[in-house]
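Chemist:
Residue numbers (full-length UniProt numbering): 1 to 65.
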């Protein structure tokens, strides 16, 4: 059995389909927050935040996508 087939069969169950949708919503929300931070839409200019925060925002956007 391929991994793709296993994923498709798992998503046929209502509970796993709901869980996958909730995880997708959480990841999209997280990516939106980090992109907003990078664009400076959250109140603090991105250039004035510590370098570690800037690096983590970039890494978290990559991880969330």
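Built from N, CA and C at the ideal position, the CB exists for glycine as well.
By Cβ distance, which residues of its chain are closer than 8 angstroms to residue 39, with the 5 residues on each side in sequence left out?
Modeler: Here the set comprises 46.
Chemist: Determine the direct distance from the alpha carbon of residue 49 to that of residue 12, and round the result to whole angstroms.
Modeler: Cα to Cα, the separation comes out at about 44 angstroms.
Chemist: Counting only the same chain and skipping the five closest in sequence on each side, list residues whose C-beta sits under 8 angstroms from that of residue 42.
Modeler: 33 and 36.
Chemist: Considering residue 32, what are the terminal residues of the alpha helix (DSSP H) in which it resides?
Modeler: Note, residue 32: alpha helix (DSSP H), 14-39.
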